[in-house]
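*Asks:*
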Amino acid sequence: MGQESQLVATAVAQAGTRYRPITGRPAFIWALLDALVLARRSILETVRLPELIVFVAIQPIMFVLLFRYVFGGAIHVPGGQYVNFLMPGIFVQTVAFGGVTTGIGLAQDMQRGLIDRFRSLPMSSSAVLTGRTVADLARNLFTVVIMLIVGFIVGFRPGGIPFEFLLGILVLMGFSFAFSWISAFVGLTVRSVEAAQSFGFIWIFPLTFASSAFVPVATMPSWLQAFARHNPVSVLADALRGLFHVNPLLTAADTRWALIQSVAWILGILLVFIPISVLRYRRTTAR
Amino acid sequence: MATDRAVHAEGLVKNYGRVRALDGLDLHVDEGSLLALLGPNGAGKTTAVRIFTTLLKPDAGRAQVAGFDVVKEPDRIKAHIGLAGQSVAIDEFMTGRENLEMIGRLYHLSGKDAKRRSLELLVQFDLTDAANRIAKTYSGGMRRRLDLAASLVILPPVLFFDEPTTGLDPRSRRQMWGIINTLVDEGSTIMLTTQYLEEADELANRIAVVDSGRVIAEGTSDELKQRVGGDRIEVAVTRDGDLARAVEVARRHLSSDVTIDPHQRRLSGPSRDGTRELASLVREFDAAGIEITDLQLRRPSLDDVFLTLTGHQAEEEKTTEPSRRWARRAS
Numbered sequence: 001m002g003q004e005s006q007l008v009a010t011a012v013a014q015a016g017t018r019y020r021p022i023t024g025r026p027a028f029i030w031a032l033l034d035a036l037v038l039a040r041r042s043i044l045e046t047v048r049l050p051e052l053i054v055f056v057a058i059q060p061i062m063f064v065l066l067f068r069y070v071f072g073g074a075i076h077v078p079g080g081q082y083v084n085f086l087m088p089g090i091f092v093q094t095v096a097f098g099g100v101t102t103g104i105g106l107a108q109d110m111q112r113g114l115i116d117r118f119r120s121l122p123m124s125s126s127a128v129l130t131g132r133t134v135a136d137l138a139r140n141l142f143t144v145v146i147m148l149i150v151g152f153i154v155g156f157r158p159g160g161i162p163f164e165f166l167l168g169i170l171v172l173m174g175f176s177f178a179f180s181w182i183s184a185f186v187g188l189t190v191r192s193v194e195a196a197q198s199f200g201f202i203w204i205f206p207l208t209f210a211s212s213a214f215v216p217v218a219t220m221p222s223w224l225q226a227f228a229r230h231n232p233v234s235v236l237a238d239a240l241r242g243l244f245h246v247n248p249l250l251t252a253a254d255t256r257w258a259l260i261q262s263v264a265w266i267l268g269i270l271l272v273f274i275p276i277s278v279l280r281y282r283r284t285t286a287r
Numbered sequence: 001m002a003t004d005r006a007v008h009a010e011g012l013v014k015n016y017g018r019v020r021a022l023d024g025l026d027l028h029v030d031e032g033s034l035l036a037l038l039g040p041n042g043a044g045k046t047t048a049v050r051i052f053t054t055l056l057k058p059d060a061g062r063a064q065v066a067g068f069d070v071v072k073e074p075d076r077i078k079a080h081i082g083l084a085g086q087s088v089a090i091d092e093f094m095t096g097r098e099n100l101e102m103i104g105r106l107y108h109l110s111g112k113d114a115k116r117r118s119l120e121l122l123v124q125f126d127l128t129d130a131a132n133r134i135a136k137t138y139s140g141g142m143r144r145r146l147d148l149a150a151s152l153v154i155l156p157p158v159l160f161f162d163e164p165t166t167g168l169d170p171r172s173r174r175q176m177w178g179i180i181n182t183l184v185d186e187g188s189t190i191m192l193t194t195q196y197l198e199e200a201d202e203l204a205n206r207i208a209v210v211d212s213g214r215v216i217a218e219g220t221s222d223e224l225k226q227r228v229g230g231d232r233i234e235v236a237v238t239r240d241g242d243l244a245r246a247v248e249v250a251r252r253h254l255s256s257d258v259t260i261d262p263h264q265r266r267l268s269g270p271s272r273d274g275t276r277e278l279a280s281l282v283r284e285f286d287a288a289g290i291e292i293t294d295l296q297l298r299r300p301s302l303d304d305v306f307l308t309l310t311g312h313q314a315e316e317e318k319t320t321e322p323s324r325r326w327a328r329r330a331s
């Protein structure tokens, strides 16, 4: 006891003189540096939490195998093999589901009082959100790489030039990032892990399944087709199918239009959800 | 506004919907001292801390921390404060060392400084052995120590600890008290909230008793105790039947202001000259054939203060300490 107090006393004496924050850097540099510190934190958590590894790697593989071998035989797509139709759809579904973890993580930080601590520090007020969304983006990229490998094993054969392939992956990542921001807003709003979990998935389910991700939209009743056609999940899945040259029925013009719509969705979502999430973050506290 | 006040608040009001969490809170903390905000759950203590640490904006009133206005200059305040909130705010999947380095970086220390400072803090808070283990494996006491260490990374001049010992075992609590006392000795200014009357008594230079969002009494521990009078004598009798006669005796010796708790077969009253009265009471009980199980002279506790000031008890439930709150005003 006495010894500890002595040690603390020494610490106090030392700290007063030796540790001074760095000053004189512009705010946007700090926003970037702080976000990197926090992105590293989120990535460490992913690596060290076994349940997350299951979510990140094993669950998407199971989805691929399920649709390829269980449902795949019953689903007929015009003009090509189902596995080639399926993989772009399942990429979009996976990154959309992956985005939900952003909101869950933020709700968890809130419950544990970490957001309160971060908000009491002289750091950038966007960093907690950008750090986490960027880390989740990296995690989703990792998942997509694993799925590409598994997809290749089960018969997925994209065509076209490498540039188109990379452009497809880039747009997919943009979509992943945008969905993370929606999820961030949800997580900051509901403020409990359980609610972030259920609210996070509730709107993703109709979005991913009432889309062209797994089945051609033409097979749906007409009232649903209207929704499914303009759904960002469908638009992006079609753009990827065009860029990967896996659907001979899609013309170059179709692909271009789907790509433009996808990018518009991504930018639109980011434009709305980044500011409102940061605003919400600035006002939020643990219960 | 006096410059030697590290925290100064006037008329703070904060509503959550229809619930008024703060209802005109006035208080100040002198530089280099520790003020304990003492009150039950829901009294508004945490809301007050959140306003001072710029996490919440007040609906009315004004407050300054380290000379800066909480509404107009939140960024200036953040560079001068440390907060250890009610829940332990550390990352479970990072090691103790990684946690402290992260906080150092977020206070904008250089990488080298953040590293050096975290090593120092780990030594000082007796966490060196656990430095490279993830915090999920830490005991409750270790988590609290790490959390407190995180609030001291730049050694800010003003510290806010929101119920820093809630949920700790007695040994860990003593340890935290030692650390907090040392911080004050070394010149830190601290505002601490607590439900533990004993804790406020142990640590605080001044105590502000908070109830329903306002300060209902303020002063040193001794000043507050004087409000409920001087020392008291407590007696417990063995047999129910003796209680009435024991009260008779006590009224003759002490005063008519005797409180009775029939369930515990206890009574208490103000003492005028302490130990001499104890001796004569014992003789008198003996002569009357009243058997007693307990007889003590005690200073009024902060529990008594709370009861006197608010008419209700400070804590709804407390299992770590034997109950000292049996007294009810008999008349």
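These protein sequence lines map, in sequence, to chains A and B.
Just so we're aligned, residue 1 is where the first sequence starts under our numbering, counting upward by one.
Just so we're aligned, residue 1 is where the second sequence starts under our numbering, counting upward by one.
Ideal Cβ placement from N, Cα and C applies to all residues, glycine included.
1. Please report the straight-line C-alpha distance between A/Ser120 and B/Leu146, rounded to a whole angstrom.
2. Counting Cβ pairs closer than 8 Å, one from the segment 84-98 of chain B and one from the segment 155-165 of chain B, do we hit at least three?
3. Terminal residues of the continuous beta strand (DSSP E) containing B/Asp294?
4. On the DSSP bridge assignment, give the partners of B/Pro157 in chain order.
5. With a threshold of 6 Å on Cβ separation, who are the neighbours of A/Met110 within its own chain once the five nearest residues in sequence on each side are excluded?
6. Using the Cα positions of B/Ala246 and B/Gly311, report the straight-line distance between them to the nearest angstrom.
7. Would you call the segment 203-221 of chain A in contact with the segment 86-101 of chain A, where contact means no fewer than 3 C-beta pairs closer than 8 Å?
8. For the segment 193-256 of chain B, which segments carrying the alpha helix (DSSP H) assignment without a break, of at least 4 residues, lie completely within its bounds, in sequence order?
9. Under a three-way DSSP split, which group does B/Ala63 fall into?
10. Using only alpha-carbon positions, find the residue among B/Leu152, B/Arg143, B/Leu307 that is nearest to B/Leu109.
11. Taking B/Ala57 as part of the beta strand (DSSP E), name the residues at either end of that continuous run.
12. Taking 7 Å as the threshold (C-beta atoms), are A/Ile43 and A/Ala135 in contact?
13. Quick check: the Cα distance between A/Leu74 and A/Val246, rounded to an integer number of angstroms?
14. Locate the beta strand (DSSP E) running through B/Gly11, then write down its first and last residues.
15. Closer than 7 Å by C-beta to B/Lys115: which residues in its own chain qualify, once you throw out the five before and the five after it? Chain order, please.
16. Since A/Val37 meets chain B, which of its residues come closer than 7 Å, beta carbon to beta carbon?
17. At which residues does the alpha helix (DSSP H) containing A/Ile22 begin and terminate?
18. How many whole angstroms separate the CB atoms of B/Val305 and B/Met191, which I take to be in contact at a CB cut-off of 8 Å?
19. Return yes when the Cβ of A/Ser180 is within less than 7 Å of the Cβ of A/Gly288, no when it is not.
20. Does the structure place the segment 227-247 of chain A close enough to the segment 152-166 of chain A that three or more beta carbon pairs sit under 8 Å?
21. Please check if any C-beta of chain A sits within less than 7 Å of the C-beta of B/Gly85.
22. Using Cβ-Cβ distances below 7 Å, what residues of the segment 110-138 of chain B are close to chain A?
23. DSSP three-state call for A/Thr284: helix, strand or coil?
24. Write down the C-beta distance between B/Lys14 and B/Asp59 rounded to the nearest angstrom, noting that I regard them as a contact closer than 8 Å.
25. Around the C-beta of A/Gln93, are 16 or more other C-beta atoms found within 10 angstroms, so that it is buried, or is it exposed?
26. Spatial neighbours of B/Thr194 within its chain, please: C-beta separation below 7 Å, excluding the five flanking residues on both sides.
27. Give a yes or no on whether the minimum CB-CB distance between A/Ala15 and chain B is below 7 Å.
28. Quick check on this structure: which residue in B/Met142, B/Leu106, B/Lys136 has the alpha carbon closest to the alpha carbon of B/Val123?
29. If you draw a straight line from the alpha carbon of B/Ala9 to that of B/Phe68, how long is it in whole angstroms?
30. Rounding to the nearest angstrom, what Cα-Cα distance links B/Gly32 and B/Arg283 in this structure?
31. Could you tell me whether the Cβ of A/Asp136 comes closer than 7 Å to any Cβ of chain B?
32. So the beta strand (DSSP E) B/Thr259 belongs to, where does it begin and stop?
33. Starting from B/Ala79, find everything on chain A with Cβ-Cβ shorter than 8 Å and list it in chain order.
34. Roughly how many whole angstroms lie between the Cα atoms of B/Ile180 and B/Val65?
35. State buried or exposed for B/Leu297, treating a residue as buried only when at least 16 other CB atoms are found within 10 Å of its CB.
36. What does B/Phe93 reach in chain A if we use C-beta pairs closer than 8 Å?
*Replies:* Per the coordinate set shown:
1. Near 17 Å, if we compare the C-alpha coordinates of B/Leu146 and A/Ser120.
2. Yes: at least three Cβ pairs fall under 8 Å.
3. Membership of B/Asp294 in the beta strand (DSSP E) is indicated by the continuous run 292-298.
4. BP columns for B/Pro157 are empty, so no partner.
5. Around A/Met110: Arg191, Ala286.
6. Spanning the alpha carbons of B/Ala246 and B/Gly311 requires a straight line of approximately 26 Å.
7. Verdict: yes, contact present.
8. DSSP runs (the alpha helix (DSSP H)) wholly in the segment 193-256 of chain B: 197-203, 221-227, 243-253.
9. The answer is strand: DSSP assigns B/Ala63 an E or B state.
10. B/Leu109 has its Cα closest to that of B/Leu152, out of B/Leu152, B/Arg143, B/Leu307.
11. Sequence inspection shows Lys at residue 57 of chain B; the Ala mentioned does not correspond to that position. DSSP places B/Lys57 outside any beta strand (DSSP E), giving it a letter other than H or E.
12. A contact, by the Cβ cut-off of 7 Å.
13. First, the amino acid is wrong: residue 74 of chain A is Ala here, not Leu. Each residue's alpha carbon lies about 19 Å from the other.
14. In this chain, the beta strand (DSSP E) harbouring B/Gly11 covers 5-16.
15. Correct list, in chain order: Glu101.
16. Result: Met102, Arg105, Leu106.
17. Looking at the DSSP string, A/Ile22 is not in any alpha helix (DSSP H), and its letter there is neither H nor E.
18. The Cβ separation is near 20 Å, so there is no contact.
19. Not covered by the structure: residue 288 of chain A. The range shown for chain A is 1 to 287.
20. With the cut-off at 8 Å, the segment 152-166 of chain A and the segment 227-247 of chain A touch.
21. The beta carbon of B/Gly85 sits closer than 7 Å to some beta carbon of chain A.
22. With the criterion set as a beta carbon lying under 7 Å from some beta carbon of chain A, the members of the segment 110-138 of chain B are Ser110, Asp113, Arg117, Glu120, Leu121, Val123, Gln124, Asp126, Ile134, in sequence order.
23. Secondary structure at A/Thr284: coil, using DSSP grouped into helix, strand and coil.
24. Yes, they are in contact, since the Cβ atoms of B/Lys14 and B/Asp59 sit about 5 Å apart, within 8 Å.
25. A/Gln93 comes out buried.
26. These residues qualify, in order along the chain: Ala36, Leu38, Glu163, Ala200.
27. Because the pLDDT of A/Ala15 is 49, which lies under 50, any placement of that residue in the model is unreliable, and the number read from its coordinates should be weighed accordingly. Taking Cβ atoms only, chain B reaches closer than 7 Å to A/Ala15, which makes this a yes.
28. For the options B/Met142, B/Leu106, B/Lys136, the alpha carbon positioned closest to that of B/Val123 is the one of B/Met142.
29. Roughly 11 Å separates the two Cα atoms.
30. The alpha-carbon atoms of B/Gly32 and B/Arg283 are separated by roughly 50 Å.
31. False, the Cβ-Cβ gap to chain B never drops below 7 Å.
32. 259-261 is the span of the beta strand (DSSP E), which, as asked, contains B/Thr259.
33. Result: Pro21, Pro122.
34. When the Cα atoms are used, B/Ile180 and B/Val65 turn out to be separated by approximately 20 Å.
35. B/Leu297 comes out exposed.
36. The answer, in chain order, is Leu44, Glu45, Arg48, Leu49.
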